[in-house]
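First to last, the protein sequences are chains A and B. Here my numbering is used: the first residue of the first sequence is 29, the next is one more, and so on. Here my numbering is used: the first residue of the second sequence is -11, the next is one more, and so on. Step one of this worksheet: look at the structure below.
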Amino acid sequence: MPDALDDQRERLLVEQIPRDPTAFRNLYDLYFGRVYSYVAAKVNDPLDAEDLVSDIFLQVVKCLPQFKNQHPFSFAAWVFTIARNTVTDFYRRQGRTFDGLQWETLDNEPDGIEFDHALIEQEQAAELNNMMKLLPERRREVMLLKYFSGLRNNEIAQILHLDERTVASHLSRGLKDLYEAYAKKRSIERNNP
Amino acid sequence: MNPDNSMREQALPAEVNDMFTEKLITAQDVEPLLNLRDTLIGSAPKARAGFQSQLALRLEAEITQQHYSMRRIRMPKSLTARILLVVVAVLTVGVGGVLAVNSILRQFISYDAGLNAAFTSGNSVQLNQSQTVGNYTLNLQWANADSNRLTLGFTLAGFACPVEYVVCGIKVKLVSQSGQEIPMIDGRADDSHGVYTYLYNFNLASRNVDHAFRLEIEPYGMTNDGTDPDQPNVIRGHTVMLGEPIRLDFSAAVNNQVRVFSTLLSATDHDIPVTLRRVMVSPTQTRVVVCFVPPAPERSWTTIPHLTTRDGDVAGGAVNYVSGVGESSGEICNEHLYNAALFDYTGDWTLEITELVGFGKQGSDQQRIAGSWEFQFKVP
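Quick look at the structure:
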């Protein structure tokens, strides 16, 4: 996990970019996979994800001087604030916020048969991804930033304007929700082989 | 927490620990929960192969553009001809032979279709020249030069960032035999294998250079001088050179073959005419120059191009501003760089500009004009 030294190192890498173009590649390689995973999990279509990831990194390049001089966040929090805003704008342009079903909570989850039907013959990873979509919006966002993008709790708190304790609570509750949903699904499979 | 017999007790994530503390789970849930957590992390969507490097090329072009802008503002000093080319080792090209470069360098070359073609065909130069100064040894392994760019692959051994510096790097300078500094286009670096490996491209277009060059590098470290008292979020640092410059004289024959197509082909969309001015094809790189009168001159404008041949899309399109072309008429010109091996291509070309982007002073302030400005042509 990143630490305070990473924050300082990243800030200094940003300052080096005008003098040493290879410095940006180091930052980019650190962030590409993390940003892509976050965006792809939110938009579903890989082509949309590529467009959005391109837009995000172009904005990062163009706005680097702002980060250097003004931004109070860590570099990671700053990049993911841009990423989150870009995805939000994408949905706003399309006149929707998200597929409605994706904001169903686990408390309102489909009954066992439908649940089983939706997940049948999928690998464990894909199952978890689908279960993630059933989490409440805020909780899912916290978990994406944590587990797909590797952010620290304080960085997630900065991005989502939450208290760090609230972030920790979302993580533990979200993980528990997934754990229980997964166990329930296995139970259904055992009872309906 | 102390879940009994947990093999992973030392590495328990905070949220799992919280769950146990809050009695949301029992000790026997810990291991399966950790497995589920690992699976979740591993299920993150991955990008298709090639997308990361394609986007990197585009972004490096943006960085280069900013880099060039700074250079113009700073008015770089021209070097005198005081440099004596003392050690010049002219090495022959092993046509058809296998060139030996380190694996990282080979990987860097493979990311670039133009360079990869030069490498695999044997039309590049294996140099393997070394120069040691103090603790550092510069090894210039590989070079390729044509009328658009000179590419150098080299390593730096003995270079470890001292703990008192937060970031280390190198300053790189390339000088021709006549003392002319050759501007850098972009570069790649890797330090994951105990030795620093670099691949740098330098801009040879419109430069009359001979085969002799001098490469000069200087390792540096960046200090952390603490935060600015007036701006607590700004960390102060300064550059400290970590030893004497390492200079290496070498020779790499420049392949001057080039196909040039000068044109005034024009296309209009949104009442904005865009002109294709020039196409220049060298063995490892194709450049196209497009010009237009920007609708808002106070902004910094970039064109988004797509170049296709009968074989499909050509990857790349990094942009340079071209100064001195069309400036009197209020036009601005962008030169797009495609690192592709198209010198022998004789069919139809299509260049489509799909967007004009005008950047304001704030990066998020963009005026974007989507459209289609299409040019079809053949390069003689």
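Cβ atoms here follow ideal geometry from the backbone N, Cα and C, with glycine treated the same way.
Under 8 Å between the Cβ atoms of residue 248/B and residue 265/B? No, the Cβ-Cβ distance between residue 248/B and residue 265/B is not below 8 Å.
Please identify the residue among 82/A, 91/A, 62/A whose C-alpha is closest to the C-alpha of residue 43/A. Comparing Cα positions, the closest option is 91/A.
Test item: CB-CB of residue 329/B and residue 102/B under 8 Å: Going by C-beta atoms, residue 329/B is nearer than 8 Å to residue 102/B.
For residue 176/B, count neighbouring C-beta atoms within 10 Å of its own C-beta (all shown protein chains included) and say buried if the count is 16 or more, exposed if not. With 16 or more neighbouring CB atoms inside 10 Å of its own CB, residue 176/B falls in the buried class.
With 8 Å as the limit, tell me which residues of the stretch 1 to 19 of chain B have their beta carbon closer than that to any beta carbon of chain A; keep them in chain order. Going along the stretch 1 to 19 of chain B in chain order, one finds 2, 3, 4, 6, 7, 10, 12, 13, 17 with a Cβ nearer than 8 Å to chain A.
Collapsed DSSP secondary structure at residue 32/B in the structure displayed: Residue state, collapsed to three classes: coil.
Per-residue burial, residue 213/B [other beta carbons within 10 Å of its own, 16 or more giving buried]: Taking all protein chains shown into account, residue 213/B has fewer than 16 neighbouring C-beta atoms within 10 Å of its C-beta and is therefore exposed.
Please confirm whether residue 176/A has its beta-carbon closer than 8 Å to some beta-carbon of chain B. Between residue 176/A and chain B, the shortest Cβ-Cβ separation is below 8 Å.
Using a C-beta cutoff of 8 Å, does residue 146/A count as contacting chain B? Its pLDDT being 34, under 50, residue 146/A is placed unreliably by the model, and nothing is read from it.
Short check: CB of residue 39/B to CB of residue 78/A, under 8 Å? Closer than 8 Å, so yes.
Quick one: is residue 48/B buried, meaning 16 or more other Cβ sit within 10 Å of its Cβ, or exposed? Residue 48/B comes out buried.
Compute the Euclidean distance between the alpha carbons of residue 125/B and residue 321/B, then round it to the nearest angstrom. The straight-line gap from Cα to Cα measures roughly 41 Å.
Should residue 81/A be labelled buried (16 or more other beta-carbon atoms within 10 Å of its own) or exposed? By the 10 Å Cβ count, residue 81/A comes out buried.
In the DSSP assignment, what residue or residues form a beta bridge with residue 301/B? The beta-bridge partner set that DSSP reports for residue 301/B consists of 296/B.
What distance in whole Å lies between the Cβ atoms of residue 196/B and residue 173/B, which are believed to be in contact at a cut-off of 8 Å? In fact, because the Cβ distance is near 18 Å, the residues do not count as touching under 8 Å.
Under a three-way DSSP split, which group does residue 210/A fall into? DSSP, read as helix, strand or coil, puts residue 210/A in helix.
Can you tell me the Cβ-Cβ gap for residue 244/B and residue 360/B, rounded? I've got them flagged as a contact below 8 Å. A Cβ-Cβ separation of about 36 Å leaves residue 244/B out of contact with residue 360/B under the 8 Å criterion.
Please check if any C-beta of chain A sits within less than 8 Å of the C-beta of residue 246/B. For residue 246/B, the answer is no, since every Cβ of chain A falls outside 8 Å of its Cβ.
Output the distance between the C-alpha atoms of residue 15/B and residue 9/B, rounded to the nearest integer angstrom. Residue 15/B and residue 9/B: Cα-Cα distance of roughly 10 Å.
Pick helix, strand or coil for residue 182/A, following the three-state DSSP scheme. The three-state secondary structure of residue 182/A, taken from DSSP, is helix.
Against chain A, which members of the stretch 18 to 32 of chain B pass a CB distance test of less than 7 Å? Cβ contacts with chain A come from 21, 24, 25, 27, 28, 29, 30, 31, 32.
Give me the residue from 119/B, 19/B, 304/B with the minimum Cα distance to residue 273/B. Of the residues 119/B, 19/B, 304/B, the one whose Cα lies closest to the Cα of residue 273/B is 304/B.
Assign residue 178/A to buried or exposed, taking buried as 16 or more other Cβ atoms, counted over all protein chains shown, within 10 Å of its Cβ. With 16 or more other CB atoms across the displayed protein chains lying within 10 angstroms of its CB, residue 178/A is buried.
Is there at least one Cβ from chain A nearer than 8 Å to residue 92/B's Cβ? By this cut-off, residue 92/B is not an interface position.
Kindly list the residues whose CB is nearer than 8 Å to the CB of residue 156/A, restricted to its own chain and excluding five residues on each side of it in sequence; keep chain order. Excluding residues within five positions, the ones whose Cβ falls inside 8 Å are 206, 210.
Could you spell out where the alpha helix (DSSP H) holding residue 38/B opens and where it closes? Looking at the DSSP string, residue 38/B is not in any alpha helix (DSSP H), and its letter there is neither H nor E.
Check the DSSP bridge columns for residue 260/B and list the partner residues they point to. According to DSSP, residue 260/B bridges with 257/B.
For residue 61/A, which residues in the same chain have their Cβ closer than 6 Å to its Cβ, ignoring the five residues on either side in sequence? Same-chain partners within the cutoff: there are none.
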